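In the working numbering, the protein residues as written are 130 to 656. Backbone N, C-alpha and C define an ideal beta-carbon position, used for all residues, glycine too. Note that the coordinates shown come from a computational prediction; the quantities given were computed from them, not determined experimentally. To start, the structure itself, in structure tokens.
In structure tokens form, the structure reads like this:
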């Protein structure tokens, strides 16, 4: 019996398998397609996900495969039909995790890298060409049956402690579980075209949304040496007409892209939607990635949200399977991730409605409002949201600092310099400012990595990232979970209570975690 069986060998399923495999868990990944898919799909990845790949030991290999959207020469703009700037989004800065806020990449590069790492783990297996056809659950395990996609007479059955369905928008797992979805009613067909230009060119703007009612169009970087165009299907057109080679080259010609100066790598018509599963788990089976949520691509957060799902499941399942947490911890996964991704989906849909406008009167009003916002930063759209996790009981919900993504900066410690996780370590992290004042209970079972940024501390904040963060949070002690989200904060005197709260949450399950009175008092402003 496996610890975990994962359905789907895309980036989400592969990443979940790697994280669990690195914890020593036995994992089987089943994929219905018999061969590796070598063409592009997702093309944007953000700072948070790169930090997670860094923690998995992949940063050195992945960094050369990234095309960061950073610096004043790489703006992200919205233009109207006259070429006027309606909006410039501030993605031209490092993200909170120490990497560029947004990065273009080639999805097959990421998948090959993950597969190479999985091949090094003897207790992880990838089974391609096997389709899930049935699953049954008992209180202790999941039983699954597969058929071979080349020979339906062949079948095999396996058992697992847990199962993850990362099998895409048309998820068999979700269908077998009978889980329905909430749909926001956003549905537009777009032609997605991936191109490899054969000549050097300066792309200005580097990323652009052409909000032109004659044909809304997106142009984005999709990895070093690659570009992606997206063209909206107009009323009266058919998918068959838009998807022809002749139509594609005609559309690309407006950007100076021809068969003589570029290679057409892939073209496909996608329906951009906004939806999420109404349940993210049934018994021992969990949904992740596109099986759990879909969003239009205008924020570049579809893959990123799926990778967050993988990490959220991996640290929980790993804790339970090692006996460090009760099964109840897994109950926090769906509430946390669903609420978090819903906020991102809603903003992506809102942005999509702006881009997809065709009515001349609505377009004129939109342009007027957006031009006014350029001179008023308070009205401008922000970078992709980094919302609070939903309330699942796995962090101190009464703490206004908890449930948000932590930061990562460059540090010096013990003669080493680099990003925090590389120098200090990953997993549970306790960050202090003036650790000599911290009072830690001797009996706490939680043993996090500890870094003290105080004047006499062991860790030096090279760029002031942590000083600004402590000031913004108004605290001197922060406990960060293995998925990089803040569990809670406290005064230095109440660090022991903070650690005990996390240990109790792991042991007893999310319904039993409570903010200790002494921690609550430390969080309440004086007066």
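Beta carbon of residue 294 nearer than 8 angstroms to that of residue 474: no
Would you give the residue range spanned by the alpha helix (DSSP H) that residue 339 belongs to? It is not in any alpha helix (DSSP H) - residue 339 instead sits in the beta strand (DSSP E) that spans 336-339.
Within a Cβ cutoff of 6 angstroms, which residues of the same chain sit near residue 309, ignoring the five residues on either side of it in sequence? Excluding the 5 residues flanking it on each side, residue 309 has same chain C-beta neighbours closer than 6 angstroms at 407, in chain order.
Do you know offhand how far residue 174's Cα is from residue 547's? 22 angstroms
Using the three-state DSSP reduction, which class does residue 193 fall into: helix, strand or coil? helix
What is the DSSP secondary structure of residue 371, reduced to helix, strand or coil? Here residue 371 carries a helix assignment [DSSP, helix/strand/coil].
Is the beta carbon of residue 272 sitting closer than 8 angstroms to the one on residue 132? no
In whole angstroms, what is the alpha-carbon distance linking residue 315 and residue 402? Rounded to whole angstroms, residue 315 to residue 402 spans 5 angstroms at the Cα level.
Residue 353 beta carbon less than 8 angstroms from that of residue 194: Taking a C-beta distance under 8 angstroms as the contact criterion, residue 194 and residue 353 qualify as a contact pair.
Let's see if you can read the secondary structure: which residues bound the beta strand (DSSP E) around residue 396? 391-406
C-alpha gap between residue 335 and residue 500, whole angstroms: 20 angstroms
Sort out for me which residues DSSP pairs residue 580 with in a bridge. Bridge partners of residue 580 according to DSSP: 560.
Would you call the region 489-504 and the region 450-462 in contact, with 3 or more CB pairs under 8 angstroms? no
Beta-carbon gap between residue 436 and residue 144 smaller than 8 angstroms: yes
Could you spell out the range, first to last residue, of the alpha helix (DSSP H) harbouring residue 632? 624-637
Name the one or two DSSP bridge partners that residue 277 has. DSSP, once it has assigned bridges, lists 259 as partnering residue 277.
The region 188-204 in contact with the region 150-165 per 3-pair CB rule at 8 angstroms: no
Would you give the residue range spanned by the beta strand (DSSP E) that residue 325 belongs to? 310-326
Between which two residues does the beta strand (DSSP E) harbouring residue 233 extend? Taken as a continuous stretch (DSSP letters only), the beta strand (DSSP E) holding residue 233 covers 231-233.
List the residues that DSSP assigns as beta-bridge partners of residue 590. 540
Going by other Cβ atoms of all chains shown within 10 Å of its Cβ, with 16 needed for buried, is residue 388 buried or exposed? Its Cβ having fewer than 16 others within 10 Å, residue 388 is exposed.
Straight-line CA distance for residue 636 to residue 630? 10 angstroms
Secondary structure at residue 355, three-state DSSP: helix, strand or coil? Three-state DSSP puts residue 355 in coil, outside helix and strand.
Can you tell me whether residue 377 is helix, strand or coil according to DSSP? helix
Three-state secondary structure (DSSP) at residue 619? Residue 619: strand per DSSP, three-state reduction.
With a threshold of 16 other CB atoms inside 10 Å of the CB of residue 574, please say whether the residue is buried or exposed. exposed
Helix, strand or coil for residue 467? Go by DSSP, reduced to three states. Looking at residue 467 - three-state DSSP - the assignment turns out to be helix.
Please report the Cβ distance between residue 563 and residue 528, rounded to the nearest whole angstrom; I am assuming they are in contact, meaning their Cβ atoms lie under 8 angstroms. Contact flag wrong, Cβ pair sits at about 19 angstroms.
Proximity of residue 172 and residue 349 at Cβ, strictly below 8 angstroms: yes
Using 8 angstroms as the Cβ pair cut-off and three pairs as the minimum, do the region 519-533 and the region 446-454 touch? no
Give the straight-line distance between the Cα atoms of residue 589 and residue 552, rounded to the nearest whole angstrom. 11 angstroms
Alpha helix (DSSP H) segment containing residue 492, residue limits: 489-503
Would you list the residues sitting across from residue 361 in a DSSP beta bridge? Paired residue(s): 319.
From residue 270 to residue 377, what distance separates their C-alpha atoms? 49 angstroms
Helix, strand or coil at residue 453 according to DSSP, with G and I counted as helix: Three-state result, residue 453: coil.
Terminal residues of the alpha helix (DSSP H) in which residue 217 lies: Where residue 217 is concerned, there is no enclosing alpha helix (DSSP H), although the beta strand (DSSP E) it sits in stretches over 214-218.
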